[in-house]
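Numbering of the sequence shown is given in this note's numbering, commencing with residue 1 and proceeding in unit increments. Worksheet for the structure shown next.
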Amino acid sequence: MKILVLGNGAREHSLCYAISRSPLATSLFCVPGNYGISLLAECKDLDLDDFNSIHSYCIEKSIDLIVVGPEVPLVAGIVDYFVSKNIKIFGPNKYASQLEGSKSFMKDLCKNYSIPTAAYSTFDNYEDAVKYLKKQSLPIVVKANGLAAGKGVTVADSFEMAEKALKEIFENKFGINMTAVIEEFMEGEEASYFVCTDGTEFISLESAQDHKRIGENDTGPNTGGMGAYSPAPIFTDEIKKQVDDEIIYPTLNAMRELGHPYQGILYAGLMIKNGKAKLVEYNIRFGDPECQVLMLRMKSDIVQLMLSCIEKDLHNFELKWEDDHCATVVMASNGYPGSFEKETIINGIDKLENTDTFQVFHAATAIKDKKIIAIGGRVLSVTSKNASLSEALKKIYVSIHSIDWPEGYYRKDIGKKALT
1 MKILVLGNGA
11 REHSLCYAIS
21 RSPLATSLFC
31 VPGNYGISLL
41 AECKDLDLDD
51 FNSIHSYCIE
61 KSIDLIVVGP
71 EVPLVAGIVD
81 YFVSKNIKIF
91 GPNKYASQLE
101 GSKSFMKDLC
111 KNYSIPTAAY
121 STFDNYEDAV
131 KYLKKQSLPI
141 VVKANGLAAG
151 KGVTVADSFE
161 MAEKALKEIF
171 ENKFGINMTA
181 VIEEFMEGEE
191 ASYFVCTDGT
201 EFISLESAQD
211 HKRIGENDTG
221 PNTGGMGAYS
231 PAPIFTDEIK
241 KQVDDEIIYP
251 TLNAMRELGH
261 PYQGILYAGL
271 MIKNGKAKLV
281 EYNIRFGDPE
291 CQVLMLRMKS
301 DIVQLMLSCI
311 EKDLHNFELK
321 WEDDHCATVV
331 MASNGYPGSF
341 EKETIINGID
351 KLENTDTFQV
361 FHAATAIKDK
371 KIIAIGGRVL
381 SVTSKNASLS
391 EALKKIYVSI
401 HSIDWPEGYY
411 RKDIGKKALT
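Spelled out as C-alpha cells, the structure:
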C-alpha cells in the first residue's frame, strides 16, 4: 500500500516509524513532514488546509491510505472530503471531531449522557463570564472553547489570572468569535487513555502519562507536552474498567445516537483521584508526546489496525504490546511556549543510533547549509524503552547530553512521579 501521513511533528515521525515497519506499507509519503521524517518518507510541502492540493498529490502518487496526525484538519472536515473522493482515510469525520474541536459540545454531551466530568458553564461574552467567575472558588479552570494547540487552558489561582485568561479568549488570541468554558478545578493525577474504534467496537490501546507544564515539578504555563511515559502506573485494571464502562462506552453510544459514529483514535484525558477517574477532555487523535511512547511499544501492525478500523472489522484484530516501559523527553527551543530564537543549529544527533529500543523523533527541524536547524517550539522527542522505566529515562538523559544545542531546553524530571 502507498500511505500518506499528514503532519509535521514528532507524533507524525513516530507514526511514520511504525508504518514503515509494516509489511503492508510499500511506499510512504508525508505532507508536509520535517527533516527526520524525510529520512523515512517522501515529503511534500503542502498546507494541511489545502484539501484540493493534497488530493492532487494523492492522485499523482496513487495513495491508498491517508493517516491524519493533527487535530486541525480533522476538525476542518478532511475525512469527509476524502471519503467523498473514495480514498481511505483514518480518523473521525467533521461532526464527530467536535469532541475536541468544541469544548462546549464535549461538555454538553457529558452532561446529557451522565459521563463523569467537571462542573462547567459556557460564555459568549466577557462580562457574563466575569460575573460568574466572581461567584466561584479558587483555583478555577478557564478554557478557550475551540482548538488552541494545547495552550488555551489556564488553571487560575487568582481571579486576576482568570480574568486575564478570559480577556485573551474574547480578544481573539485563540481565534475569531471564540467562546469560553469555565470549569471547576479537579484535583488528582492525570493520565491519558487511548482507544481505537470503528464506531461500534473499540480496542484499548495502552495508557500513558504526559507532562503539560513547561517547568519542572509541573510549574509554569501549559505546553503541547514536554515528555511522557507508558504505561501509566496509576491507570490500574480497575480504573480501566470504570473508564470503559462510564466514559468510553457512553460516548460511543452517544455518537451513534447522534447519527455520527466515531471512527479513529479517541484519546481520553483523565483526572484520577481515590481510585476513580473523571473526564478532563477528549482529543480526536494520538497525543503528542504520548504517540511517541506508544509507537515504540506497539508490537502489532499499525496499518492493519487502521484498516480494521476503517473497514469496521476491529473485533477480529488482536492488538499486542511490548511489556517494556517507554519514555520520551521533549527538547524545545528555549523560551517556548513564549517567543524563542529560530534557525538555531543542532549538532550531535547523528552520533545517536536509532534502534528498536531508541529513537530520536523530530518535530520542528529542517536542513539549512547541510546543518540541522530548529524552526519551531517543540523540536525533538528523545525516546527509549527498557524493562524498567528508570533505565529508559537514564538512556534518554545520557543521550541528550550528546546533543549539542545551547538554545535547547528540556525538563529533567520526566517520569519522576512513576519512580517515587
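Note that CB positions come from ideal geometry on N, CA and C, so glycine has one too.
Query, Result
"Run of the beta strand (DSSP E) containing H325, from where it starts to where it stops", "325-333"
"Span of the beta strand (DSSP E), counted from its first residue to its last, around I214", "213-215"
"Neighbourhood of P92 by C-beta, 7 Å cutoff - its chain only, sequence neighbours within 5 removed", "L74, V79, Y262, Q263, G264, I284"
"Spatially closest choice to P70 from R11, E183, G227, by CA coordinates", "R11"
"With 16 other Cβ atoms within 10 Å as the buried cut-off, status of D289", "The residue you asked about is not Asp; residue 289 is Pro in the sequence shown. Flag for P289 reads buried."
"Classification of L421 by the beta-carbon crowding that lies within 10 angstroms, buried from 16 upward", "Since the displayed the chain opens at 1 and closes at 420, residue 421 lies outside it and no answer follows."
"DSSP-derived helix/strand/coil call for T344", "strand"
"Stretch pair the segment 3-19 + the segment 356-366: three plus CB contacts closer than 8 Å", "yes"
"Distance, Y126 Cα to E187 Cα", "26 Å"
"6 Å CB neighbourhood of L4 in its chain, flanking five on each side removed", "F29, I63, I66"
"Whole-Å CB distance - L140 paired with I182, under 8 Å assumed", "The sequence shown places Ile at residue 140, not Leu. Between I182 and I140 the Cβ distance is about 6 Å, and since that is below 8 Å, they are a contact."
"Alpha-carbon to alpha-carbon, K320 and T251", "25 Å"
"Beta-carbon proximity list for V243, same chain, < 7 Å, skipping 5 on both sides", "Y193, A268, L270, A277"
"CB of W405 within 9 Å of CB of I367, strictly", "no"
"Boundaries (first-last residue) of the alpha helix (DSSP H) holding N112", "103-112"
"Contained alpha helix (DSSP H) runs [length at least 4] in the segment 267-338, N- to C-terminal order", "290-297, 302-310"
"4-residue-minimum alpha helix (DSSP H) runs that sit fully inside the segment 39-98, ordered along the chain", "51-61, 71-75, 78-84"
"Same chain, Cβ closer than 8 Å to M295, five either side skipped, listed in chain order", "S14, L15, Y17, A18, I302"
"Where L133 falls: helix, strand or coil (DSSP)", "helix"
"Backbone CA spacing between G33 and G225 [nearest angstrom]", "19 Å"
"Span of the beta strand (DSSP E), counted from its first residue to its last, around D210", "202-210"
"Range covered by the alpha helix (DSSP H) that runs through N253", "249-257"
"Cut-off 6 Å between Cβ atoms - residues of its own chain near V329, not counting five sequence neighbours on either side", "G227, V382, I396, Y410, I414"
"Under the three-state DSSP convention, the category G408 falls into", "strand"
"For A421: DSSP bridge partner residues", "Since the first residue of the chain shown is 1 and the last is 420, residue 421 is not available in this structure."
"Beta-carbon proximity check, E184 vs Y282, cutoff 9 Å", "no"
"Opposing strand residues paired with V360 [DSSP bridges]", "V382"
"Given Q292 as reference, the closest of K273, I310, L305, H325 once Cα atoms are compared", "H325"
"Helix, strand or coil at F174 according to DSSP, with G and I counted as helix", "coil"
"9 Å Cβ cutoff met for K88 and E216", "no"
"Same chain, Cβ closer than 6 Å to D45, five either side skipped, listed in chain order", "P32"
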